[in-house]
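Let me begin by presenting the structure, written as structure tokens, before commenting on it.
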Amino acid sequence: RIAYVNGRYVSHALASVHIEDRGYQFADGVYEVCEVRDGHLVDEVGHLARLRRSLKELSIREPMPEASLKLVLRETIRRNRVRDGIVYVQVTRGVSRRDHYFPPASVKPALVVTARSMDRAKTEAGAVAGVKVITLPENRWARVDIKTVGLLPNVLAKQQAKDAGAKEAWFVDPAGFVTEGGSTNAWIVTKDGIIRTRPAESGILRGITRTTALRMARDLQMRFEEEPFTVEEAKAAREAFFTAATAIVTPIVAIDGQTIGDGKPGPVALELRRRFHEFAEISKD
Ligand code: PLP
47 RIAYVNGRYV
57 SHALASVHIE
67 DRGYQFADGV
77 YEVCEVRDGH
87 LVDEVGHLAR
97 LRRSLKELSI
107 REPMPEASLK
117 LVLRETIRRN
127 RVRDGIVYVQ
137 VTRGVSRRDH
147 YFPPASVKPA
157 LVVTARSMDR
167 AKTEAGAVAG
177 VKVITLPENR
187 WARVDIKTVG
197 LLPNVLAKQQ
207 AKDAGAKEAW
217 FVDPAGFVTE
227 GGSTNAWIVT
237 KDGIIRTRPA
247 ESGILRGITR
257 TTALRMARDL
267 QMRFEEEPFT
277 VEEAKAAREA
287 FFTAATAIVT
297 PIVAIDGQTI
307 GDGKPGPVAL
317 ELRRRFHEFA
327 EISKD
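Shown next, in the form of structure tokens:
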């Protein structure tokens, strides 16, 4: 495997960053994960726009013009011969002697890009069988709208989910409303058949897959609303599912051990997943 590290393509096994990289010391950096389908990027425009926004919110310079970054993404995918998989992009504030203040303007942001293949048949089988989630109190900072590499609460939550035999952990805010998962956006289909997901204005990362799924729901003339929902509403829902670039639309069959609907992946989630596959196949750039 090959990784792109600060201007060079190097062997993945030997690729390294400096010990004084601010990503390493302060989690002072941002990232994106984009699905690769049939060798091309899915929702690339959205992911690159969000990367730009994350950098801006943290006052980190763009490491290179977007057109160049697009070439690096393609070249990394090509060199790793990825047809189906993911590409990972990480930008940190760069390498400088440890000090909380931003480094001098001469310090360049550090850019790393990796790509790897995924076994689509295997992930598809796992997803369409439905997954379990647990709920946990929200304990992240207030700027979860920025896709930073500071993911310790997410790491701990997802490990707790795994230890409980679940795939994902849903964070719950102090008012009892679900925010999102450790690495996914949260959705339900209410008892009245309305698709509901939390508005992106507070408490969540504005998922690119979330935006695409909302557009699909609209195109399919499904009823949907961007409104928060409580854990109780989720447990009483007809369906639940989550979205992310790596998960597409994944049906949920249990929350905190409680069966959702009839315990099988719901028709809305499966229809959106099917649509997303169609979209991914044709979204050649
Ligand atoms: N929420 C969090 C906390 C995430 O980390 C992610 C993706 O990694 C998402 C939501 C889903 O975002 P996207 O659909 O852009 O992958």
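Counting from 47, one number per residue, gives the positions in the sequence shown under the numbering used here.
Glycine is no exception: its CB is placed at the ideal position from the N, C-alpha and C atoms.
DSSP bridge partner residues for residue i (one or two, in chain order)
i	result
Q304	I301
R252	According to DSSP, which records beta bridges pairwise, R252 is partnered with nothing at all.
A232	F288
A156	T138
G75	T138
F385	Outside the displayed span of the chain (47 to 331) sits residue 385, for which this structure offers no information.
Distance between beta carbons of residue j and residue i, contact taken as under 8 Å
i	j	result
V137	P111	Incorrect: roughly 13 Å between the Cβ atoms, too far for contact.
L163	V153	Going by the sequence as given, residue 163 is Ser instead of Leu. That pair is no contact at about 34 Å.
L172	A73	In the sequence on display, residue 172 carries Gly and not Leu. Incorrect: roughly 30 Å between the Cβ atoms, too far for contact.
R120	I254	Contact doesn't hold; Cβ gap of about 18 Å is too wide.
V159	T194	So it is not a contact: roughly 17 Å between Cβ atoms.
A293	T230	6 Å
Neighbour-count burial assignment, residue i, 16 or more Cβ in a 10 Å radius
i	result
L101	buried
L117	exposed
H146	exposed
S105	exposed
I1	Beyond the ends of the chain as shown, which are 47 and 331, falls residue 1; an answer cannot be given.
R127	exposed
A221	exposed
Proximity below 8 Å, CB of residue i to CB of residue j
i	j	result
V82	I132	yes
I306	A283	yes
F275	R242	yes
A61	V51	yes
A280	I234	yes
Y55	R139	no
Q205	L182	no
F322	A232	no
Q71	R189	no
L318	V295	yes
F217	E184	yes
V88	A326	yes
E226	R244	yes
R98	E90	no
G92	T257	yes
Residue-chain proximity (residue i, chain B), Cβ-Cβ < 8 Å
i	result
R139	Absent from the structure: chain B. Only one protein chain is present.
Contact the stretch 255-269 vs the stretch 204-213: 3+ CB pairs below 8 Å
No: the two stretches stay apart, fewer than three of their Cβ pairs being nearer than 8 Å.
Does the stretch 175-183 come within contact of the stretch 55-68, defined as at least 3 CB pairs closer than 8 Å?
no
Can you find at least 3 beta carbon pairs, one from the stretch 242-251 and one from the stretch 306-313, that sit closer than 8 Å?
Contact between the stretch 242-251 and the stretch 306-313 is absent, because fewer than three Cβ pairs lie under 8 Å.
So which residues touch the region around ligand 3, with touch meaning a C-beta under 5 Å from any heavy atom?
Ligand 3 is absent from the structure shown, which contains only ligand 1.
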